[in-house]
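J.: Starting off with a structure, shown below.
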Amino acid sequence: MKRSFPVLLIVFIIVACNDKGENANAKKPPPLPDSVLNERWKAINILIDSIHEGDLVVRCGNDFTSESLRDFSQKEKLYSHSGIALMYNGQMLIYSNMAGDINPDEVMRRDNVDSFLTPANNIAAGVYRYDFSKEEIDKLKSIVEAHYINKLQFDMSFDPSTDDKMYCA
5 MKRSFPVLLI
15 VFIIVACNDK
25 GENANAKKPP
35 PLPDSVLNER
45 WKAINILIDS
55 IHEGDLVVRC
65 GNDFTSESLR
75 DFSQKEKLYS
85 HSGIALMYNG
95 QMLIYSNMAG
105 DINPDEVMRR
115 DNVDSFLTPA
125 NNIAAGVYRY
135 DFSKEEIDKL
145 KSIVEAHYIN
155 KLQFDMSFDP
165 STDDKMYCA
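Shown next as structure tokens:
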């Protein structure tokens, strides 16, 4: 049984990170009332205003895949996805990698912060800050931008021994 657990875990992660509608029968959450959405946007806007370059921005979607992925965390089961915040042309963007309906091309994405954290599709959000120097931020930015330009692929094999692909949180 101990030997089959890692295989089952990998299969589950692959299925969960590559949701192409297999869970179409799963109920989608009903749209939020405007009053609730407006209150959530107030909180999200405070969070957005606090984001700096190099921050790790995390979220949890309101779908089955996100619920499943957050359960892999051994401590805080709050988030299912992450991205790196970086400025581009004067605008704060979130760079992330994922697969599935949201990203069928399975290449690195660059989204506006408000799109990445929209409360219409997410139930939790947070920001983690590292103590990066200006030089470290610049280096991080050059690496991430190069990955974005080169269309870094999502790693459906979840192989930690390779650097040519990346998988989701």
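Position one of the sequence shown corresponds to residue 5 (the working numbering), numbered consecutively onward.
Every residue, glycine too, gets a C-beta built ideally from N, C-alpha and C.
Who are the Cβ neighbours of F136 in its own chain at under 6 Å, not counting the five residues just before and after it?
T.: Counting from one through the sequence shown, the residue named residue 136 turns up at place 132. For F136, where only same-chain residues beyond five positions count, the Cβ hits under 6 Å are G58.
J.: To the nearest angstrom, how far is it from the Cα of Q78 to the Cα of H56?
T.: In the sequence shown, counting from the first residue as 1, residue 78 sits at position 74. In the sequence shown, counting from the first residue as 1, residue 56 sits at position 52. Q78 and H56: Cα-Cα distance of roughly 27 Å.
J.: For the beta strand (DSSP E) containing N42, list its first residue and its last residue.
T.: The residue given as residue 42 occupies position 38 in the sequence shown. N42 -> not in any beta strand (DSSP E); alpha helix (DSSP H) instead, spanning 38 to 54.
J.: Rounded to the nearest angstrom, what separates N87 and L60 at their Cα positions?
T.: For the purposes of this step, residue 87 is taken as the residue at position 83 of the sequence shown. For the purposes of this step, residue 60 is taken as the residue at position 56 of the sequence shown. In the sequence as displayed, the identity of residue 87 is Gly instead of Asn. In this structure, the CA atom of G87 is about 6 Å from the CA atom of L60.
J.: Can you tell me which residues form a DSSP beta bridge with V61?
T.: In the sequence shown, residue 61 corresponds to position 57, counting from 1. In the DSSP output, where bridge partners are listed per residue, V61 has G87, V131.
J.: Could you pull the start and end residues of the alpha helix (DSSP H) that L121 belongs to?
T.: Residue numbering aside, residue 121 sits at position 117 when the sequence shown is read from its first letter. Here the alpha helix (DSSP H) through L121 covers 117 to 121.
J.: Using DSSP with H/G/I as helix, E/B as strand and the rest coil, what is K169?
T.: Counting from 1 along the sequence shown, the entry for residue 169 is found at position 165. The answer is strand: DSSP assigns K169 an E or B state.
J.: Give every residue of the same chain whose Cβ lies closer than 8 Å to the Cβ of W45, excluding the five residues on either side of it in the sequence, and list them in chain order.
T.: Counting from 1 along the sequence shown, the entry for residue 45 is found at position 41. Contacts found: P123.
J.: Within 8 Å, do at least three Cβ pairs link the region 64 to 73 to the region 89 to 102?
T.: no
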